[in-house]
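One structure is given below, encoded as structure tokens.
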Amino acid sequence: MALTPMMQQYLEIKEKNKDCILFFRLGDFYEMFFEDAEIAARELELVLTGRDCGLEKRAPMCGIPYHSANSYINRLINKGYKVAICEQLENPSEAKGIVKRDVIKIITPGTYSDSTFLEETKNNYIMSLYIENELVSMAFADISTGDFECTYSNYNVSIVLDEISKFMPSEIIITDSVEDNLINSINERFQLTLTIKSDEYFKTNSIENLKNQFPNFNPNNYENIVINVCNGLLSYIMETQKISLLHINNIEYYNLVDYLIMDINSRRNLELTETLTDKSKKGSLLWVIDKTVTAMGARLLRKWLEQPLINKEQIENRLDSVSEIMSNQNLYDELKSCLKDIYDIERLVGKISSKNVNAKELLTLKNSIQKLPYIKSVLSNSESFILKNIYNNLDCLEDVYTLLDSAILENPSLSLKEGGIIKNGYNKTIDELRSAKSHGKQWIASLEEQERNVTGIKSLKIGYNKVFGYYIEITKSNLNLVPENRYIRKQTLANCERYITPELKEVEDKILGAQDKLIELEYNIFVEIRETIEKHINRMKKSAKMISEIDCLCSLATVALENNYCRPEILEIGALHIEEGRHPVVEKMIPHNTFVANDTYIDNENQQLILITGPNMAGKSTYMRQVALINILAQIGSFVPAKKASIAICDKIFTRIGASDDLARGKSTFMVEMCEVANILNNATNKSLILLDEVGRGTSTYDGLSIAWSVIEYICTNNRLKSKTLFATHYHELISLEGRIKGVKNYSIAVKKLDNNIVFLRKITEGGADESYGIEVAKLAGIPEEVISRAKSILSNLERKENREKDYKNTNTDNSVLKEVSVSNFEEISVNNATDIKNNTKQVEFIDIEKDNLLKEIQSIDILNMTPMEGFNKLYKLITKAKSLLD
């Protein structure tokens, strides 16, 4: 049996698009066959049927109406699939044999640009990745806005992951030579689509392709590896979109060190754009500062937050503009009023370039452009550098506005193939066709009266039939009055003759073909208008960027005014000094004016490392994150939540906060912690800010204490580091480092004890804490009173036991063993010897062996790697053993 011609055509097209679900146009439906049908039926909840295809078995088949395809495509794209749109390329009624079909567009997660379904305040990036000679180059594009950026650096997996976490692309194009380790790391950390291409794909016609796409592209300005990565991305965009996108017309190169560097863990821990728990915007720093009123402003503000500045002049320029907007109420009000009426010009430009814009969207473009002259006038007296520069360079696009205002109806049709989109008066032929459609009978009556007057034949009449169309009928008695030079005989009847005239045929054409001609002509003129506007894409993009910038500056001004933020002093080098600093997110989540503000002072010499002790839940992590977020806000050019702030510019921010594992790659909680610490110690500089929370808690007490001690020592004494550091810990022994290691300063979170309860004062004070208050915190968490009471009893026994052990050691061990419990001499013991010392002390025999065994069992518990239920069960067993010993 042979395949049917239609199915042969389907399989030929499918062969060229193996990695896509093929939407095959048949009449008013997109049909899917074989495996594609099975996938689509499952993912889209469609009925799976079958179709005769020439084989013994029917081909599995499902379909969707073409006019509702967008919603189905969106669902498939969100699930990571690619969709190839195969259209009929000729009119079926005119086709000879099978209708010609081919793929006109491939839609992938990274090239999806339907603004109906895209998140309007977030870019949809596609990324390309190219590695060669120990270098890595990366390029990022958003085809909905035309953004195209690239960079390169020495190859390191962590660098690649950090850039991915910054842009969060939906899809990455990589070469088939990329190592599995990197691919696995990407797949484990991100939910995105990986598309693999050959090295040659990135290199073929690279310079020629880039010159054709980017008018100002000069290959001499870029390294070969950057040219290759940009070509790979551009080639994929052209391959999938099947048309040249003129709005992608500029490559922006950036250097990784041009912005504040934050690794993937720091971005996650600081919750810059989304929360750790549910990945929502609410509860993130972006949620607090995003008061933008335009979609393009929201996207730019997100970008500012992802890429804080390190150039003092650029930071000060933003701060000057925010300050000017805040201090000028009229400027603030007028800008906000104008901005709220401006639509997403960037994505409208993208739609124009991709030929997907409709008349209503051009109308919104016109209405947005209408606000530009007024915005420019409002900025005329601006003094800050950015606002003055926008005033001088803002293109108000008057010519584009004039064209759209004269051409597009105020309430145009959504469909371009139904007419009703072009204004009266814009095109004479359209006016006539529209009039013919509406006033055909009046035209005929008027022409009839006109011909009677010209010929003098009072009985002349105009008739119509399907064979001849419209005609002039004259009785035989009046034939002598017929004008020979204008009237053309068409038909002779018994009592009359029928004629036509050029004027009558013109009217006939207008009347009979008015509807179809009107629709076709309106569409053609719309295309002409779109093509004319497309020539001004670069101008519109530049104006849109300026409006976005104004929106971001107004947003920062709004946040500062509403939340009583102060303007930070920005220093190239020096101390980080914050008076009455507040956590920008936490203060918005708790009742008004109840947040406790705290001071911070860190320098690179005498107070370089702040060692923070205190109980859980007292606010150590909140305080540390607060300092980092204030620093980030200052470096994006924002006012900050403090009474006063002096911020030395950071080059990098690192965090090691929270407990997490990576069991899929064989890494325990402690191993993940150590990897994060290693990354910090290997990459931080003396201009970096480091937040370390509970370093060493994932292992035994002595190991963890030794590691924490050594890390502090390394940060403070290594000349490459000496980074400003906040170090929170439960190891109270570490407070002895103040005065022994230069730069270490003790602070603690104040706690007030009332009877058997504690109250967290949330205030950071000088000096170290002498208690952990762990049992009190457990009580606050709702642990049963019986468990709390028994825990206190056990703690008391353990403390007495520890004292007996110390007494025993004082009389039965030499000085080398005593050093293990002598905190004042702990620094003389290397980390490498800590485990040996612990093993030596385990050999000491105590009088009460059973109690000693119980103590060892307690010490061996790894509570951080236990579930709550396992912890309670273990505690119950320990209580049972302790009771039996006491009895």
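With the first letter of the sequence shown counted as 1, position 833 gets the number 833 in UniProt numbering; the numbers rise by one all the way through.
In this text, a Cβ means the ideal position worked out from N, Cα and C, and glycines have one as well.
In whole angstroms, what separates the C-alpha of residue i from that of residue j?
i: residue 586; j: residue 786; result: 34 Å
i: residue 593; j: residue 561; result: 15 Å
i: residue 505; j: residue 468; result: 10 Å
i: residue 475; j: residue 522; result: 42 Å
i: residue 453; j: residue 486; result: 15 Å
i: residue 605; j: residue 106; result: 58 Å
i: residue 374; j: residue 342; result: 12 Å
i: residue 458; j: residue 482; result: 12 Å
i: residue 580; j: residue 141; result: 41 Å
i: residue 19; j: residue 366; result: 40 Å
i: residue 796; j: residue 790; result: 10 Å
i: residue 546; j: residue 395; result: 9 Å
i: residue 279; j: residue 268; result: 10 Å
i: residue 881; j: residue 689; result: 47 Å
i: residue 642; j: residue 631; result: 11 Å
i: residue 353; j: residue 309; result: 32 Å
i: residue 378; j: residue 335; result: 7 Å
i: residue 3; j: residue 263; result: 55 Å
i: residue 254; j: residue 691; result: 27 Å
In this structure, how does DSSP classify residue i when only helix, strand and coil are distinguished?
i: residue 607; result: coil
i: residue 536; result: coil
i: residue 859; result: helix
i: residue 765; result: strand
i: residue 352; result: helix
i: residue 153; result: strand
i: residue 620; result: helix
i: residue 136; result: strand
i: residue 459; result: coil
i: residue 641; result: coil
i: residue 577; result: strand
i: residue 402; result: helix
i: residue 183; result: helix
i: residue 636; result: coil
i: residue 657; result: coil
i: residue 737; result: helix
i: residue 649; result: coil
i: residue 61; result: strand
i: residue 546; result: helix
i: residue 33; result: strand
i: residue 595; result: coil
i: residue 714; result: helix
i: residue 364; result: helix
Below 6 Å CB to CB, which residues in the same chain sit around residue i once its five sequence neighbours on both sides are set aside?
i: residue 768; result: 613, 735, 746, 748
i: residue 320; result: 384
i: residue 332; result: 325
Excluding the 5 residues preceding and the 5 following residue i in the sequence, name in chain order all residues of the same chain whose CB lies nearer than 8 Å to its CB.
i: residue 228; result: 130, 132, 137, 202, 203, 206
i: residue 232; result: 128, 130, 139, 173, 175, 197, 201, 202
For residue i and residue j, which I take to be in contact (beta-carbon distance under 8 Å), what is that distance rounded to the nearest angstrom?
i: residue 99; j: residue 92; result: 5 Å
i: residue 571; j: residue 602; result: In fact, because the Cβ distance is near 13 Å, the residues do not count as touching under 8 Å.
i: residue 640; j: residue 726; result: About 17 Å; that fails the 8 Å criterion.
i: residue 566; j: residue 645; result: 6 Å
i: residue 44; j: residue 151; result: So it is not a contact: roughly 39 Å between Cβ atoms.
i: residue 126; j: residue 170; result: 7 Å
Closer than 7 Å by C-beta to residue i: which residues in its own chain qualify, once you throw out the five before and the five after it? Chain order, please.
i: residue 219; result: 207, 227
i: residue 573; result: 648
i: residue 551; result: 292, 293, 294, 297, 339
i: residue 89; result: 100, 101, 102
i: residue 437; result: 514, 515, 518
i: residue 947; result: No answer is possible for residue 947: the residues shown for the chain start at 1 and end at 887.
i: residue 50; result: 58, 59, 60, 61
i: residue 407; result: 422, 423, 426, 529
i: residue 155; result: 131, 134, 135, 136
Is there a Cβ from chain B that is less than 8 Å from the Cβ of residue i?
i: residue 386; result: Looking for chain B here will not work: only one protein chain is present.
Contact between the region 372 to 385 and the region 531 to 542 (3+ Cβ pairs under 8 Å): By the Cβ criterion, the region 372 to 385 is not in contact with the region 531 to 542, since fewer than three pairs of Cβ atoms, one from each stretch, lie closer than 8 Å.
Is it a yes or a no for the region 189 to 198 touching the region 289 to 297, going by three-plus beta-carbon pairs under 8 Å? Cβ pair count under 8 Å is below three, so no.
Are the region 32 to 42 and the region 55 to 65 touching by the rule of at least three beta carbon pairs closer than 8 Å? yes
Decide if the region 528 to 536 is in contact with the region 397 to 417; the criterion is three or more beta carbon pairs, one per stretch, under 8 Å apart. yes
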